[in-house]
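Be aware that the sequence shown starts at 1, since it is given in full-length UniProt numbering, and climbs by one per residue.
Glycine included, C-beta positions come from ideal geometry on N, C-alpha and C.
Quantities reported herein were computed from a predicted structural model and do not represent experimental measurements.
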Amino acid sequence: MQQISSFKATDTGRLYLVPTPIGNLDDMTFRAIKTLRAVDLIAAEDTRHTQQLLNHFEITTRQISFHEHNTEQRIPELIAKLKSGISIAQCSDAGMPSISDPGKELVAAAVTAGIPVVPLPGANAGLTALIASGLVPQPFYFYGFLERKHQQQVTALQELINRPETMIFYEAPHRLKKTLTTMAEVFGDQRQAVLARELTKRYEEFTRGSLKELRDYFNDHQARGEFVVLVAGNDHPDAGQPVNAQTPIEQVDAEIVKGLSTNAAIKLVAKRNHLNRQELYREYHHIGE
1 MQQISSFKAT DTGRLYLVPT PIGNLDDMTF RAIKTLRAVD LIAAEDTRHT
51 QQLLNHFEIT TRQISFHEHN TEQRIPELIA KLKSGISIAQ CSDAGMPSIS
101 DPGKELVAAA VTAGIPVVPL PGANAGLTAL IASGLVPQPF YFYGFLERKH
151 QQQVTALQEL INRPETMIFY EAPHRLKKTL TTMAEVFGDQ RQAVLARELT
201 KRYEEFTRGS LKELRDYFND HQARGEFVVL VAGNDHPDAG QPVNAQTPIE
251 QVDAEIVKGL STNAAIKLVA KRNHLNRQEL YREYHHIGE
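This is how it looks when you write it as structure tokens:
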């Protein structure tokens with residue numbers, strides 16, 4: 001068992017995980033500012049973006065880039081620096097490191113190397129949206145960003161249909177309408193949801209309603225800003241999905257028209273209607289007739 005106290009004397013540096021504001025710079029904590037000033041190096045997701053933050057708080061600490069595209073290259077370099085006694089603060093563009101942002105691989109490498117990892121509390125978009133959503137705040141299930149392709153989204157959401165917890169997703173504005181359409185398709189039109197955008201900023205906004213209402217709203221309105229999508233849990237998981245007037249075969253055809261492969265459509269419809277997938281497959285392909 002490995003046990004390292006952040007206050008224990010050590011010959012190595014420390015890795016500090018420093019949250020940054022998700023919009024309003026006033027949400028930066030005194031401890032975060034103090035830490036960024038005190039460390040030897042800041043590993044930033046986007047050094048240009050972080051430089052604006054550093055300039056605002058008159059922090060002159062040197063930066064190095066650390067993002068999803070240079071993880072393999074940077075981790076050995078950063079671990080070597082930490083082992084030599086250099087202290088590093090790792091931060092992303094907004095919010096908590098490692099939560100839908102870079103960081104987790106560096107943390108794992110530091111833990112393996114016996115280097116102390118010191119987390120600082122701070123802003124997080126998902127929890128900020130959750131407590132003002134009006135949905136049940138706990139328990140909750142954090143997912144983050146879904147995959148971009150429709151079929152991959154359907155597969156992921158199928159696994160969440162019966163979860164009773166409030167679910168938290170992140171989504172970019174240009175993909176919001178497609179994601180809401182897919183959620184309504186899998187979870188059902190009447191599942192309640194909340195959209196939170198531009199959190200802590202001037203145009204912060206919460207939009208509440210069923211997935212159908214939210215989907216229809218954004219068919220007529222442009223989505224602006226980054227979104228947190230909160231979906232109510234399934235409080236009647238044994239009830240299955242809403243009754244569909246179409247036959248299972250018709251439902252499979254409808255899903256194929258929407259872009260699913262035949263196998264994915266059969267899987268979705270079978271799960272939605274509590275049918276045996278293999279039997280539906282044989283029926284759809286007229287096998288054994």
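So residue i packs on residue j, CB below 8 Å; how close in whole Å?
i, j, result
"Thr166", "Val186", "About 16 Å; that fails the 8 Å criterion."
"Ile22", "Arg37", "Ile22 to Arg37, Cβ: 21 Å. No contact."
"Ala223", "Lys177", "7 Å"
"Gln73", "Ala44", "No, Gln73 and Ala44 are not in contact; Cβ-Cβ is about 15 Å, not under 8 Å."
"Val228", "Ile168", "7 Å"
"Ala129", "Leu230", "6 Å"
Tell me residue i's beta-bridge partners as DSSP assigns them.
i, result
"Gly209", "Ala193"
"Phe145", "Tyr170"
"Leu15", "Ile88 and Val117"
"Thr20", "Gly95"
"Ile42", "Gln63 and Ala89"
"Val231", "Met167 and Ala193"
"Phe140", "Thr166"
Which value, in whole angstroms, describes the spacing of the CA atoms of residue i and residue j?
i, j, result
"Pro116", "Arg14", "5 Å"
"His67", "Asp216", "36 Å"
"Asn55", "Asn263", "54 Å"
"Ala9", "Val118", "Caution applies to Ala9, whose pLDDT of 47 falls short of 50 and renders its modelled position unreliable; the model cannot decide the point."
"Ala94", "Lys258", "35 Å"
"Ala80", "Thr71", "14 Å"
"Gly240", "Gly188", "Only weak support is given to the placement of Gly240: the predicted model assigns it a pLDDT of 47, under 50, and the question is left unresolved by the model."
"Tyr203", "Thr61", "32 Å"
"residue 295", "Phe140", "Given a span of 1 to 289 for the chain in the structure shown, any question on residue 295 remains unanswerable."
"Ala125", "Leu180", "19 Å"
"Leu78", "His69", "15 Å"
"Glu226", "Ala172", "5 Å"
"Lys83", "Leu127", "34 Å"
"Val18", "Gln278", "50 Å"
"Asp220", "Gly209", "15 Å"
So, are the CB atoms of residue i and residue j less than 7 Å apart?
i, j, result
"Pro102", "Ser92", "yes"
"Ala184", "Leu160", "no"
"Ala123", "Asp27", "yes"
"Gln251", "Val269", "yes"
"Leu120", "Arg191", "no"
"Tyr170", "Phe142", "no"
"Gln138", "Lys271", "no"
"Ala113", "Thr35", "no"
"Pro248", "Asn273", "yes"
"Asp11", "Ile86", "no"
"Gly233", "Arg163", "yes"
"Asn24", "Thr207", "no"
"Val194", "Ser133", "yes"
Enumerate in chain order the residues of its own chain whose CB-to-CB distance from residue i is below 7 Å, with the five nearest sequence positions on each side excluded.
i, result
"Glu205", "Arg197 and Glu198"
"Thr182", "His150, Gln153, Val154 and Leu157"
"Lys104", "Ser98"
"Leu280", "Pro248, Ile266, Val269 and Ala270"
"Tyr284", "Ile249, Val252 and Ile266"
"Glu255", "Ala265, Leu268 and Val269"
"Ser65", "Ala44 and Thr47"
"Val243", "Because the pLDDT at Val243 is just 49, under 50, the model does not fix this residue reliably, and the value given afterwards should be weighed accordingly. There are no such residues."
Keeping to the same chain, check which residues put their C-beta closer than 8 Å to that of residue i; ignore five residues upstream and five downstream.
i, result
"Thr20", "Met28, Ala32, Thr50, Leu53, Cys91, Ser92, Asp93, Ala94, Gly95, Gly122 and Ala123"
"residue 294", "Look at the range of the chain in this structure, 1 to 289, and you will see that residue 294 is not part of it."
"Asn276", "Ala270"
"Arg175", "Arg148"
"Ile287", "Tyr281"
"Ser100", "Gly144, Phe145 and Tyr170"
"Phe218", "Leu176, Lys177 and Leu180"
If we define contact as Cβ-Cβ less than 7 Å, is residue i a contact residue for chain E?
i, result
"Thr20", "Chain labels in this structure do not include chain E; a single protein chain is all it has."
For residue i, which residues in the same chain have their Cβ closer than 6 Å to its Cβ, ignoring the five residues on either side in sequence?
i, result
"Phe57", "Ile33"
"Ser6", "Annotation note: pLDDT 48 at Ser6 (below 50); position unreliable, coordinate value reported separately. If we look at Ser6 and ignore the five residues flanking it on each side, its Cβ neighbours are Pro116 and Val118."
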